[in-house]
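This report concerns only the one structure given below.
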Amino acid sequence: MTGLGVVFRPQLPPERLRAVARVADEVGLEELWLWEDCFREGGMSTAAAALAWSERVRVGVGLLPVPLRNVALTAMEAASLHRMFPGRATVVVGHGVQDWMGQVGARPASPLTLLGEHLDALRGLLGGQRLSVRGRYVSLDDVALDWPPERAVPVFAGATGPRTLRLSGAKADGTVLTASTSPDGVRQARQLIEEGQKEAGRGAHHPVVVYLLAATGTDAEARLRAELADEGLESATDVGVAGDAGAVAAAVRRLAEAGADTVVLQPTGDEPDPEGFVRFAAEQVRPLVP
Numbered sequence: 001m002t003g004l005g006v007v008f009r010p011q012l013p014p015e016r017l018r019a020v021a022r023v024a025d026e027v028g029l030e031e032l033w034l035w036e037d038c039f040r041e042g043g044m045s046t047a048a049a050a051l052a053w054s055e056r057v058r059v060g061v062g063l064l065p066v067p068l069r070n071v072a073l074t075a076m077e078a079a080s081l082h083r084m085f086p087g088r089a090t091v092v093v094g095h096g097v098q099d100w101m102g103q104v105g106a107r108p109a110s111p112l113t114l115l116g117e118h119l120d121a122l123r124g125l126l127g128g129q130r131l132s133v134r135g136r137y138v139s140l141d142d143v144a145l146d147w148p149p150e151r152a153v154p155v156f157a158g159a160t161g162p163r164t165l166r167l168s169g170a171k172a173d174g175t176v177l178t179a180s181t182s183p184d185g186v187r188q189a190r191q192l193i194e195e196g197q198k199e200a201g202r203g204a205h206h207p208v209v210v211y212l213l214a215a216t217g218t219d220a221e222a223r224l225r226a227e228l229a230d231e232g233l234e235s236a237t238d239v240g241v242a243g244d245a246g247a248v249a250a251a252v253r254r255l256a257e258a259g260a261d262t263v264v265l266q267p268t269g270d271e272p273d274p275e276g277f278v279r280f281a282a283e284q285v286r287p288l289v290p
C-alpha cells in the first residue's frame, strides 16, 4: 500500500503544531512531516513535540541540513526520539539550501563529501558502533552513544541531483524527493538510486518518499499557480495538483506507479485551514489510494 502523509509547513507558527498533530492522530493520518527550514523552526524540537502530543501518527523530519549539525548531536537527538517513541520517527538528512548555509557561515566546499561522511557516521552511531573518524568534515574520537536505539532504524537522505541520488542509494536507507519531482522524475531518481546501490553492493529495498504540492477548495487552482510561480516552477509539467480528493488521489497514484513508496501532500504556504487539510487527506484522499 502506498504511504500517505501531510507536511506541517514552517510558514505556520510553531504553536499551531499541537492542533495539527492532534487532528492527524484523531483522523488516522499515517505520517506527519516537518521541515527544518532556515530560519523558522527546529526539526528535532518540533518532531519531539508532535510525537508527544500524539499517540500513533508517525513523524518525519525532512530534512535536517548537515552543515548546521555535528553528527554526534544529530545521532543523540535521533536516538532519543527512537527510544522515546519507538517506530514512529523518520530522520532525513541533506545538503540544505546552500544560500542559507552561507548566511550562517556553514557552507561547505564539497556538500557531497560532507553528506557522505555524515551518513556513514550517523548510521554507524545509531547502529551502536563506537567510531573514530578523521574525514574532511566529520571528526570523531572514540565516540559511541550511551543510549542507542534498541533496534535498527533507517536514515534517509534528501536528494535532487544525480550525484546526490547515487550517494543516497550507496549510503542511505531511503530517499526523500522534493515537490518539484514529476512522475518521470521519480523514475529517473529510482534509476540513479539503484545505480548507487549497485556500486555499493547494496540490494535491500530502498524506500522513496516524494512531496506533492496540493491544493483543494474554491481557490485551489489560483493558490497552486501562485506557489509554483514563487518556486520558479510555472513551466514545470506534471508537478503539483489542484482539485478535489479524486484529482489529488490520481496524482498520488501516478507518483506511486512511478516508484514512490510514500507520497506526502504539501499544502501551499497560504493554506487557510491546515487542520482541515489533514482531515481532507486522511478521510477523503486516503480511501482512493490503494
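For the sequence shown, position 129 matches number 129 in full-length UniProt numbering, and the numbering has no gaps at all. C-beta atoms are modelled at their ideal positions from N, C-alpha and C, and glycine is treated no differently.
Is residue i buried or exposed, if buried means 16 or more other CB atoms sit within 10 Å of its CB?
i	result
His205	exposed
Leu212	buried
Trp33	buried
Glu257	exposed
Lys171	buried
Trp147	exposed
Glu283	exposed
Glu15	exposed
In whole angstroms, give me the CA-to-CA distance for residue i and residue j.
i	j	result
Arg253	Glu234	22 angstroms
Ala247	Gly128	45 angstroms
Glu231	Asp25	31 angstroms
Leu119	Leu63	13 angstroms
Asp273	Asp219	13 angstroms
Arg130	Leu167	23 angstroms
Ala181	Asp142	The amino acid at residue 181 is misidentified as Ala; the sequence shows Thr. Distance between the alpha carbons of Thr181 and Asp142: 40 angstroms.
Ala47	Val61	7 angstroms
Leu115	Phe156	11 angstroms
Using a threshold of 7 angstroms, state whether the C-beta atoms of residue i and residue j are closer than that.
i	j	result
Leu140	Val133	yes
Met44	Glu77	yes
Arg187	Gly240	no
Thr268	Arg223	yes
Val104	Ala121	no
Gly169	Gln197	yes
Pro149	Ala79	yes
Phe8	Val20	yes
Pro154	Gly124	no
Just to confirm my understanding: we take residue i, look at its own chain, exclude 5 residues before and 5 after, and list those with CB closer than 6 angstroms. What are they?
i	result
Arg107	Gln98 and Met101
Arg136	Thr113
Thr237	none
Leu81	Ala89
Ala215	Arg223, Leu224, Ala242 and Thr268
Glu117	Gly135, Tyr137 and Val138
Please work out which residues of its chain come closer than 7 angstroms, Cβ to Cβ, to residue i, disregarding the five sequence neighbours upstream and downstream, and give them in chain order.
i	result
Ala281	Leu4, Val6, Leu29 and Leu265
Asp244	Thr216
Ala11	For the sequence presented, residue 11 should be read as Gln rather than Ala. Gly269, listed in sequence order.
Would you mind giving the Cβ-Cβ distance between residue i and residue j, rounded to the nearest angstrom? I have them listed as a contact below 8 angstroms.
i	j	result
Leu68	Val59	Their Cβ separation, rounded to whole angstroms, is 20 angstroms, which puts Leu68 and Val59 out of contact at 8 angstroms.
Val263	Val27	The pair is not a contact, with the Cβ atoms about 17 angstroms apart (cut-off 8 angstroms).
Leu255	Pro183	6 angstroms
Please list, in chain order, all residues of the same chain as residue i whose beta carbon is under 8 angstroms from its beta carbon, the five residues on each side excluded.
i	result
Glu275	Ala19, Val20 and Val23
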